[in-house]
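Here the sequence shown is numbered in UniProt numbering, starting from 1 and rising by one per residue. Ideal Cβ placement from N, Cα and C applies to all residues, glycine included.
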Amino acid sequence: MQSLSFNLTAGTKVSWPGRFNQGDGSKQQIHIRGNVKMFRIMACAPEMNSGAESQSSSPSPSPSPSESSFLSRSQTYALLKQQMEVATKSEDYKQAARLRDSLKIFEDEEPVLRLRRLLKEAIAEERFEDAARYRDELKDVAPHSLLKCSSDATTLGIRVQVRSVYIEGRSHPSKGLYFFAYRIRITNNSDRPVQLLRRHWIITDANGKTENVWGIGVIGEQPVILPNTGFEYSSACPLGTPSGRMEGDFEMKHIDKVGSRTFNVAIAPFSLSKVGDGSDTFSDGS
Numbered sequence: 001m002q003s004l005s006f007n008l009t010a011g012t013k014v015s016w017p018g019r020f021n022q023g024d025g026s027k028q029q030i031h032i033r034g035n036v037k038m039f040r041i042m043a044c045a046p047e048m049n050s051g052a053e054s055q056s057s058s059p060s061p062s063p064s065p066s067e068s069s070f071l072s073r074s075q076t077y078a079l080l081k082q083q084m085e086v087a088t089k090s091e092d093y094k095q096a097a098r099l100r101d102s103l104k105i106f107e108d109e110e111p112v113l114r115l116r117r118l119l120k121e122a123i124a125e126e127r128f129e130d131a132a133r134y135r136d137e138l139k140d141v142a143p144h145s146l147l148k149c150s151s152d153a154t155t156l157g158i159r160v161q162v163r164s165v166y167i168e169g170r171s172h173p174s175k176g177l178y179f180f181a182y183r184i185r186i187t188n189n190s191d192r193p194v195q196l197l198r199r200h201w202i203i204t205d206a207n208g209k210t211e212n213v214w215g216i217g218v219i220g221e222q223p224v225i226l227p228n229t230g231f232e233y234s235s236a237c238p239l240g241t242p243s244g245r246m247e248g249d250f251e252m253k254h255i256d257k258v259g260s261r262t263f264n265v266a267i268a269p270f271s272l273s274k275v276g277d278g279s280d281t282f283s284d285g286s
């Protein structure tokens, strides 16, 4: 039996898009929703299945020594970043400077972090030939590293924004389980009401293995979204590698006219990354 606890903001809605590997070869599907601040899920029945979603699945590979090494270093890197932010906010600039130098050492030694920094600097300084070279190197070193941990796309006036974050407390790297949460905001900027009928996710891990997830609605609902309003929910995705990507679409229809045909609303690709990209909020810009 596995006990999972989650602290959530009141009003947040949560679901898991498919089955995950518990490390002993068994698969299990979890589907929850609610409006309270604490959830505890007792997961013990492998056949447990809400029927709301389906996913092709295979055992997740164990991380290689190089992946485990990078994960350990990335945890230290994330901790240093957090400590530097705290030092800066408390105006301890001497400590912040020391932490900044430590971060730079990590970036210089870790290829992905170093190339990300060099790419950002090259773009800021308009050295576009250098930027193109760093981009190509990043593609070779880490195919998903150029994607941000967020995406924003609009189809027929329906805007879909997504933001992902790594959940360290629910992850078990030694068992090949990395847990990512994501938040989705759907905004109807059109002048017609729509209903979300179905969802489709394409989930790709760092090894290139792709899984498709289809389901009715989201978090057990088929929400109606009126013009100039939105719908927001949170969910999570287990992965067998420390990084990957997600993309997909929602099937919707206009409900102000009988017999309206359905249409697909794109969910633009976004990264699932242990390191993250330094952003944790949606952009409110249009």
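Taking the C-alpha atoms as reference points, what is the distance between residue i and residue j?
i           : j      : result
Met84       : Pro223 : 42 angstroms
Ala52       : Arg98  : Model confidence at Ala52 stands at a pLDDT of 29, short of 50, so the residue's coordinates are unreliable; what they give is reported in the following sentence. Distance between the alpha carbons of Ala52 and Arg98 is about 51 angstroms.
Glu251      : Ile216 : 9 angstroms
Ser164      : Cys149 : 5 angstroms
Ile184      : Thr262 : 21 angstroms
Leu113      : Gly169 : 23 angstroms
Tyr166      : Ser234 : 13 angstroms
residue 348 : Glu221 : Lying outside 1 to 286, the shown extent of the chain, residue 348 is not represented and no answer is given.
Ala153      : Gly240 : 27 angstroms
Thr88       : Trp201 : 39 angstroms
Leu197      : Val218 : 8 angstroms
Ser90       : Leu103 : 19 angstroms
Leu115      : Glu137 : 8 angstroms
Leu8        : Arg135 : Here the model assigns Leu8 a pLDDT of 39, short of 50, so the residue's position is not dependable, and the following value carries that caveat. Using only the alpha carbons, I get a separation of about 37 angstroms.
Ile186      : Val86  : 33 angstroms
Cys237      : Ala266 : 19 angstroms
Pro242      : Ser260 : 42 angstroms
Gly248      : Leu118 : 31 angstroms
Val162      : Ser273 : 14 angstroms
Using DSSP's beta-bridge definition, name the partner residues of residue i.
i      : result
Ser102 : Ser102 pairs with nothing; no bridge assigned.
Asn207 : Paired residues: none, contrary to the question.
Glu221 : Val218
Ser190 : Its beta-bridge partners do not exist; DSSP assigns none.
Phe179 : Pro238
Arg199 : Gly215, Phe250
Ile184 : Val162, Tyr233
What residue does the beta strand (DSSP E) around residue i start on, and which one ends it?
i      : result
Gly248 : 243-254
Leu239 : 230-239
Leu272 : 262-273
Ser164 : 158-166
Ser174 : Here Ser174 belongs to no beta strand (DSSP E), and DSSP marks it neither H nor E.
Asp152 : 150-155
Inter-stretch contact (C-beta, 8 angstroms, three-pair minimum) for the segment 252-265 and the segment 172-183: no
The segment 177-193 in contact with the segment 224-242 per 3-pair CB rule at 8 angstroms: yes
Touching by the beta-carbon criterion (3+ pairs, under 8 angstroms), the segment 153-164 and the segment 120-140: no
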